[in-house]
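Colleague:
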Amino acid sequence: MLRRARALWNSNGRSLGAVLVILLLWELACRLPPIQSLGLPSPEATANGLIARWQILVSHGAITGYETLVGFLVALAGGLSGAVVLSLSPRLAAALWPTILFLQIMPKVAIAPLLLLWLGFGLLPKVIIAFLISFFPILANAYAGLQSVDEETNELARSMHAAGVRYFLYFTLPQALPRILSGARIAITFAVVGAVVAEFIGADKGLGYLVILSARNLDMGLMLAAIFTLTCLGVGLYGLVSLAEHYLIPWHISRRRAEMRDLSETRATAGGL
Amino acid sequence: MRSKRVMADRGIANFLYSLAGVAGFVALWYAVEWLWHPPEFLFPTPSAVFQSTKDNAASLIYNSWITGYEVLLGFLLACVTGVGVAILIHLWPRLGKLLWPAVLFAQITPQIAFAPLLIMWFGIGLVSKIVIAALIAFFPILVNTYVGLQAIDEAAEDLARCMLAGRFRYLLEFELPNALPHILSGMKIAMTYAVVGAVVAEFISSNNGLGNMILVANGALDAASCISSVILLSLMGGALFGTVAVFERLLIPWHISQRRQTVRSSEAVGN
Chain V
1 MLRRARALWN
11 SNGRSLGAVL
21 VILLLWELAC
31 RLPPIQSLGL
41 PSPEATANGL
51 IARWQILVSH
61 GAITGYETLV
71 GFLVALAGGL
81 SGAVVLSLSP
91 RLAAALWPTI
101 LFLQIMPKVA
111 IAPLLLLWLG
121 FGLLPKVIIA
131 FLISFFPILA
141 NAYAGLQSVD
151 EETNELARSM
161 HAAGVRYFLY
171 FTLPQALPRI
181 LSGARIAITF
191 AVVGAVVAEF
201 IGADKGLGYL
211 VILSARNLDM
221 GLMLAAIFTL
231 TCLGVGLYGL
241 VSLAEHYLIP
251 WHISRRRAEM
261 RDLSETRATA
271 GGL
Chain S
1001 MRSKRVMADR
1011 GIANFLYSLA
1021 GVAGFVALWY
1031 AVEWLWHPPE
1041 FLFPTPSAVF
1051 QSTKDNAASL
1061 IYNSWITGYE
1071 VLLGFLLACV
1081 TGVGVAILIH
1091 LWPRLGKLLW
1101 PAVLFAQITP
1111 QIAFAPLLIM
1121 WFGIGLVSKI
1131 VIAALIAFFP
1141 ILVNTYVGLQ
1151 AIDEAAEDLA
1161 RCMLAGRFRY
1171 LLEFELPNAL
1181 PHILSGMKIA
1191 MTYAVVGAVV
1201 AEFISSNNGL
1211 GNMILVANGA
1221 LDAASCISSV
1231 ILLSLMGGAL
1241 FGTVAVFERL
1251 LIPWHISQRR
1261 QTVRSSEAVG
1271 N
């Protein structure tokens, strides 16, 4: 435990130090009179905003977190079943793939205003945008994962007379899991963006609403506090998916560099926001 | 190896499939109209959307130009800074060690949340949109370029070190070409991000651009105009993405991803 903590410190401690130095310089710069007049928020003002209004931040954060999670979970279920259907029928996949590719690179957030027009200002349009934006990364990566069963495994499965559901559960799915989960990691960051952008456009609660509201009121402290909370939410949800990955595929030990390569490949398959 | 003829056939088949996809979509649309008869201002017919596109052609073109300009400049800015920073932290591993965890952290945060703040700082004009587009397009390029620069086969590295003298020559003639496939795939992603950045920035506050047009049409309960703007925006995003893809094909014809392109896209592995 101690050794792991030390290793973590060695890899990230310097970065943490650099961030602290930047914060200190920022705070000092904000105290200089010529910069003070610009109205830049200092770290101290942000921290004060965070402490003084933590109840508001938590209640709005819960709303955004709820929208993100529901959208993401529906996308996970939909994307996985879509990928299974596509991998079962190559013909269907060939027919649908150009459309899927186009939808992947199309800016999904652009239809947020239309959804608000159709469905009102409630939570549903936000959930739908979070769903739409995180659906394609999961679908495309799960499909790529399901396609990536290698020849030797296939032969092994055949020699063991595994077929149908058993073949899928014991051979295809475990091989596809790393890819599915890294797709899910990208998707959860997308889902947060989807929920927040939908809240930017029209909402009466949620962190995106809070950011816009404080921008209109020129309340820099609250705005940065809301952005900070949002960042924590995004990182926390990403951490949850990574944790799930840790427990579901402990055999897939990806080292740092491999992880980076994996990330860029996953994102290339995921397509755009 | 596949013959040219087979590849052409596949191309035609893909085209027909996408055409069928579009036809199916329009048919579905008409079916919804016919089944539920939704009010025209909420859910217009495809022909109403077509009519509205024709009527608003001039302003659609003008606003696409604005948005396209923001996206392109933001994308170029992200390319220059992203590749530049990646080269810098590659040449200077100490700096890389210091910055890399921060970069990895920054790219899982929702950068779009900073958009209202940036609009406050840079004003309501085009500059703020370009900066926001550049901000969210920056990370995919930075990460991919750095990964590409680091991902070098050791034997090839030894050979190149023998043949190429000088750090810069080595960088220019060996490391960068080697990283090019990664860089270009990062750029394709960055292009779609830049479109989203520009449009979201326009949603937050703007006087023109397709994002503004969507919001204005929405406010006027003119769903037909709203839908035609969304379609145009998607087409523009697709065209910009396609441009980068064409560049990719021209720049790295030797790379495996390009050689296998036709086979892969027909087998629907994607990208």
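Heads up: the sequence lines are chains V and S, in that order. The letter at position 28 of the first sequence is residue 28 when you use this note's numbering, and the numbering goes up by one with no holes. For this note's numbering, add 1000 to where a residue sits in the second sequence, where the first one is 1. Built from N, CA and C at the ideal position, the CB exists for glycine as well.
(1) On the criterion of 16 or more Cβ atoms from any shown chain inside 10 Å, does F1041/S qualify as buried, or is it exposed?
(2) Please name the residue in K1188/S, A1155/S, A1190/S, M1187/S whose C-alpha comes closest to that of F1174/S.
(3) Can you name, in chain order, every residue of its own chain whose Cβ lies under 7 Å from the Cβ of T189/V, other than the five neighbours on each side?
(4) Just how far apart, CA to CA, sit I1108/S and A191/V?
(5) With the cut-off set at 8 Å, would you say V1199/S and T1081/S are in Cβ contact?
(6) By DSSP, does M106/V sit in helix, in strand, or in coil?
(7) Would you tell me roughly how many angstroms separate the C-alpha atoms of S1228/S and L114/V, rounded to the nearest one?
(8) Less than 8 Å separating the beta-carbons of A226/V and L69/V?
(9) Please state the DSSP three-state secondary structure of G202/V.
(10) Starting from I133/V and walking both ways along the alpha helix (DSSP H), at which residues does that stretch end?
(11) State yes or no: is the C-beta of A1102/S within less than 8 Å of the C-beta of L1149/S?
(12) Taking Cβ positions only, does R255/V come closer than 8 Å to chain S?
(13) Starting from the Cα of T1045/S, find the closest Cα among L1240/S, D1222/S, K1129/S, A1057/S and give me that residue.
(14) Find the nearest neighbour of A130/V within the set L25/V, H246/V, Y66/V, judged by alpha-carbon distance.
(15) For G1011/S, count neighbouring Cβ atoms within 10 angstroms of its own Cβ and tell me buried if that reaches 16, exposed if not.
(16) Among the residues of its own chain, which have a CB less than 6 Å from the CB of V1083/S, if the five just before and after it don't count?
(17) In whole angstroms, what separates the C-alpha of L104/V from that of I63/V?
(18) Where A95/V and R166/V are concerned, what is the direct C-alpha to C-alpha distance, given to the nearest angstrom?
(19) Got a sec? Which residues, its chain only, sit under 8 Å from W26/V by beta carbon, not counting five neighbours each side?
(20) Who are the Cβ neighbours of G1049/S in its own chain at under 7 Å, not counting the five residues just before and after it?
(21) Which value, in whole angstroms, describes the spacing of the CA atoms of R216/V and V127/V?
(22) CB A157/V to CB F135/V, shorter than 8 Å?
(23) I need the straight-line Cα distance from G1186/S to G1237/S, nearest angstrom please.
Modeller: In short, the structure shows the following:
(1) exposed
(2) A1155/S
(3) G234, Y238
(4) 11 Å
(5) no
(6) coil
(7) 11 Å
(8) no
(9) coil
(10) 124-147
(11) no
(12) Any reading at R255/V needs caution, since the residue's pLDDT is 43, under 50, leaving its predicted position unreliable; the model's value is listed next. Chain S, which has no Cβ nearer than 8 Å to the Cβ of R255/V, makes this no.
(13) D1222/S
(14) Y66/V
(15) exposed
(16) T1145
(17) In the sequence on display, residue 104/V carries Gln and not Leu. For Q104/V and I63/V, the distance between alpha carbons rounds to 27 Å.
(18) 28 Å
(19) S42, P43
(20) Correcting the residue identity first, residue 1049/S is Val in this sequence and not Gly. Correct list, in chain order: A1224, I1227, S1228.
(21) 25 Å
(22) no
(23) 16 Å
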